[in-house]
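The structure appears below as structure tokens.
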Amino acid sequence: MVEKIRDTLRQYARLNRDVSGISEDADLYACGLTSHATVNLMLGLEDAFQVEFPERMLRRRTFETIGNIRESIAELTAGLPAAAS
Amino acid sequence: MPITVMSRSFGALERAQHIGLEVAAPVADAVDRDARFPIEALSALRAERMLGIFIPTEFGGGGCSIADLSAICATLGQYCSATAMIYAMHQIQVACIVRHAHESDFFAGYLAELADTQSLIASATSEIGVGGDVRSSVCTIEHDDGSFSLTKQAPVISYGEYADAILATARRMPDAPPSDQVLALLKREEFTLTRTSGWDTLGFRGTCSPGFTLTATASDDHILPAPYANISSETMLPVSHIVWSSLWLGIATAAVGRARAYIRAEARKSPGKTPVASVRLAEVVSRLQGMRALVNDSVRDYESIMHDSDALSAMNFAIRMNNLKLICSTTVVDIVSQAMLICGMSGYRADSKFSLGRLLRDAYGAALMINNDRIYGANAAMLLVSKDD
């Protein structure tokens, strides 16, 4: 799942460094993630994992780190093994 | 007429009312005509300890609430838009320090100093080269052995030449991305301003907001510990939109007051005959009530979650606060324009007691400070994923 998240970050997050080198607990906002890019990232993740982020997840913290994104997606895909691959 | 907007410290509101009516109003036209700093009103606000009113009492301040600030700005806005805007912008800076820096030793000391000296703080968030995006910086903090230096090309710094301190945004360090910003406090003796443009505008002329090259050197502890991203979403944006909307409400209230006085004078001239424009007055009063309700609702909205950083970072909250700004900045123009139709030539004249020219010119500024199109764009982007209205 983390690799798929990294792919989506590469495509939409417009970070200022190589996504492969960003650890799971690094602050993505400090890596150049803007609020505008966050929207594109969300749309990309929704498409990649076939999920829809509920309103309660549309907060700064959800997209702050790769680890937080992974936890949110894991919660949304629980019971949907195919989507979580 | 005093605006009562949920204020809990009536003493402060009464002082604002007194200063507005007795000190700011008599020179409001001169301040506007000469585009000069409203020194009389700001001196009075300082003397009445109104500048430190939002600082918590533990630091020697007035400990007032956001609702109080809203009511004070709405009151001042009725008498002198420039005074109200300077006051509002100062309180936005104070709110950022109170919320995001009071745990730092330096800022705890600074808050006490601020309460004691009633200093005036200006803001340098906009910058040439970022296309109006205040969440993006070109300039950077450059550290050097416990202190830092900063050079910023600011297209406007409101009342910069009259401020005792400036809060400026900059990138965290030279290799940080444009969006990784911090907020730094620069005291008068730590910065120099070199004027790069004038301030000869349609309205808000007394805010004295020319462009400057800002250069500063200060010690590292002057940088607020929280990232500016958090300061912006939790305090700077919501408080700005609340206090600005409140002072626009003051402008709208003043315009409706003049329209009401005009209709009453007309009615007295020919009793038994309802003035033609009285229906229009009824309409504009309803618009004003809607505007006031939105301001109050937004104050309650913010106060109900202001201690929950996570909730404040939510998209739907950002959209609601943006909508407050969008609605109030356009409604104030509508209301003053309606008042102009009611007062007719008496409102159009510059030398009448029903004159509305200054209020209309000031009202047009509301949509431009953080341009409404930029805010609509931000909301449009968020609405691609946000569903909760």
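These protein sequence lines map, in sequence, to chains A and B.
Anchor point for the first sequence: position 81 equals 81 in my numbering, and the numbering is continuous, going up by one each time.
Anchor point for the second sequence: position 167 equals 252 in my numbering, and the numbering is continuous, going up by one each time.
We put the beta carbon where it would ideally sit given N, CA and C, even for glycine.
No experiment lies behind these values; they were computed from the predicted model shown.
Residue i versus residue j: straight-line alpha-carbon distance, rounded
{"i": "B/Q203", "j": "B/G146", "result": "9 angstroms"}
{"i": "A/D25", "j": "A/N68", "result": "8 angstroms"}
{"i": "B/A396", "j": "B/D386", "result": "11 angstroms"}
{"i": "A/Y12", "j": "B/H187", "result": "37 angstroms"}
{"i": "B/M376", "j": "B/C413", "result": "6 angstroms"}
{"i": "B/V267", "j": "B/L196", "result": "19 angstroms"}
{"i": "A/V51", "j": "B/A113", "result": "57 angstroms"}
{"i": "B/R256", "j": "B/S389", "result": "32 angstroms"}
{"i": "B/R345", "j": "B/V369", "result": "10 angstroms"}
{"i": "B/L469", "j": "B/N315", "result": "22 angstroms"}
{"i": "B/V241", "j": "A/I5", "result": "41 angstroms"}
{"i": "B/L411", "j": "B/R372", "result": "15 angstroms"}
{"i": "B/T279", "j": "B/I151", "result": "34 angstroms"}
{"i": "A/E3", "j": "A/E46", "result": "15 angstroms"}
{"i": "A/R61", "j": "B/V223", "result": "26 angstroms"}
{"i": "A/R70", "j": "B/R184", "result": "31 angstroms"}
{"i": "B/S221", "j": "A/H36", "result": "12 angstroms"}
{"i": "B/A399", "j": "B/G462", "result": "17 angstroms"}
{"i": "B/V90", "j": "B/V328", "result": "Below a pLDDT of 50, predicted positions are generally treated as unreliable, and B/V90, at 44, falls in that range; no measurement from the model is reported."}
{"i": "B/A378", "j": "B/L409", "result": "11 angstroms"}
Assigned secondary structure, residue i (DSSP; H/G/I helix, E/B strand, else coil)
{"i": "A/L58", "result": "coil"}
{"i": "B/V215", "result": "coil"}
{"i": "B/R256", "result": "strand"}
{"i": "B/T160", "result": "helix"}
{"i": "B/S128", "result": "helix"}
{"i": "B/L235", "result": "strand"}
{"i": "B/I455", "result": "coil"}
{"i": "B/I308", "result": "strand"}
{"i": "B/S94", "result": "Interpretation of B/S94 is limited by its pLDDT of 47, a score under 50 that renders its predicted location unreliable; the figure taken from the coordinates is listed afterwards. DSSP places B/S94 in coil when its eight states are reduced to three."}
{"i": "B/T142", "result": "helix"}
{"i": "B/I460", "result": "helix"}
{"i": "A/A30", "result": "coil"}
{"i": "B/R220", "result": "coil"}
{"i": "B/I88", "result": "Per-residue confidence for B/I88 stands at a pLDDT of 47, beneath the threshold of 50, marking its modelled position as unreliable; no derived number is given."}
{"i": "B/S394", "result": "helix"}
Extent of the continuous alpha helix (DSSP H) run through residue i
{"i": "B/F297", "result": "That residue, B/F297, is in no alpha helix (DSSP H); its beta strand (DSSP E) goes F297 to S304."}
{"i": "B/S389", "result": "S363 to I390"}
{"i": "B/F191", "result": "D190 to T202"}
{"i": "A/T38", "result": "S35 to F49"}
{"i": "B/H185", "result": "S166 to A186"}
{"i": "B/V417", "result": "M400 to C428"}
{"i": "A/K4", "result": "V2 to Y12"}
{"i": "A/D18", "result": "Here A/D18 belongs to no alpha helix (DSSP H), and DSSP marks it neither H nor E."}
{"i": "B/D249", "result": "Neither: B/D249 is in no alpha helix (DSSP H) and is coded neither H nor E."}
{"i": "B/P111", "result": "A110 to D119"}
{"i": "A/I73", "result": "I66 to T77"}
Proximity winner among the options, relative to residue i (alpha-carbon distances)
{"i": "B/V380", "options": "B/G429, B/R345, B/S394 and B/S325", "result": "B/S325"}
{"i": "B/F191", "options": "B/N401, B/P360 and B/K272", "result": "B/K272"}
{"i": "B/G342", "options": "B/G432, B/A200 and B/A197", "result": "B/G432"}
{"i": "B/C428", "options": "B/N408, B/I390, B/E388 and B/E351", "result": "B/E351"}
{"i": "B/Y449", "options": "B/A159, B/A120, B/W333 and B/N407", "result": "B/W333"}
{"i": "A/L28", "options": "A/R70, A/T77, A/E64 and A/S35", "result": "A/E64"}
{"i": "B/E99", "options": "B/I157, B/T168 and B/A435", "result": "B/I157"}
{"i": "B/G283", "options": "B/F289, B/C293, B/P312 and B/E274", "result": "B/C293"}
{"i": "B/D201", "options": "B/A132, B/M170, B/Y244 and B/E227", "result": "B/A132"}
{"i": "B/P111", "options": "B/S264, B/L161 and B/A362", "result": "B/L161"}
{"i": "B/Q178", "options": "B/T320, B/N407, B/V364 and B/T415", "result": "B/T320"}
{"i": "B/Q102", "options": "B/S304, B/F122, B/D285 and B/A129", "result": "B/A129"}
{"i": "B/A115", "options": "B/G194, B/Q238 and B/T168", "result": "B/T168"}
{"i": "B/L106", "options": "B/A339, B/R134 and B/Y247", "result": "B/A339"}
{"i": "B/E198", "options": "B/V384, B/R134 and B/I104", "result": "B/R134"}
{"i": "B/N457", "options": "B/N407, B/D447, B/F439 and B/S440", "result": "B/N407"}
{"i": "A/L41", "options": "A/M1, A/G21, A/L15 and A/A78", "result": "A/L15"}
{"i": "B/M476", "options": "B/N401, B/G148, B/S243 and B/F439", "result": "The question about residue 476 of chain B has no answer, for chain B in this structure spans 86 to 474."}
Unbroken beta strand (DSSP E) run spanning residue i, endpoints
{"i": "B/R280", "result": "F276 to R280"}
{"i": "B/I206", "result": "I206 to A209"}
{"i": "B/H228", "result": "E227 to D229"}
{"i": "B/K354", "result": "Not the beta strand (DSSP E): B/K354 falls in the alpha helix (DSSP H), residues L322 to K354."}
{"i": "B/A269", "result": "Q266 to K272"}
Rounded Cβ spacing between residue i and residue j (contact assumed at less than 8 angstroms)
{"i": "B/S471", "j": "A/E75", "result": "With 8 angstroms as the limit, B/S471 and A/E75 do not qualify as a contact, their Cβ atoms being about 19 angstroms apart."}
{"i": "B/A209", "j": "B/L299", "result": "6 angstroms"}
{"i": "B/L205", "j": "B/D249", "result": "5 angstroms"}
{"i": "B/G335", "j": "B/Q163", "result": "4 angstroms"}
{"i": "B/V219", "j": "B/S232", "result": "Not quite, the Cβ-Cβ distance comes to about 25 angstroms (not below 8 angstroms), so this is no contact."}
{"i": "B/F276", "j": "B/I251", "result": "6 angstroms"}
{"i": "B/R121", "j": "B/G296", "result": "In fact, because the Cβ distance is near 18 angstroms, the residues do not count as touching under 8 angstroms."}
{"i": "B/L445", "j": "B/S422", "result": "7 angstroms"}
{"i": "A/G32", "j": "B/P312", "result": "About 13 angstroms separates the two Cβ atoms, so there is no contact after all."}
{"i": "B/C165", "j": "B/A126", "result": "6 angstroms"}
{"i": "B/A97", "j": "B/I138", "result": "6 angstroms"}
Residue i beta carbon near the ligand NAD (any heavy atom closer than 7 angstroms)
{"i": "B/I213", "result": "No copy of the ligand NAD occurs in the structure displayed, which carries no ligand at all."}
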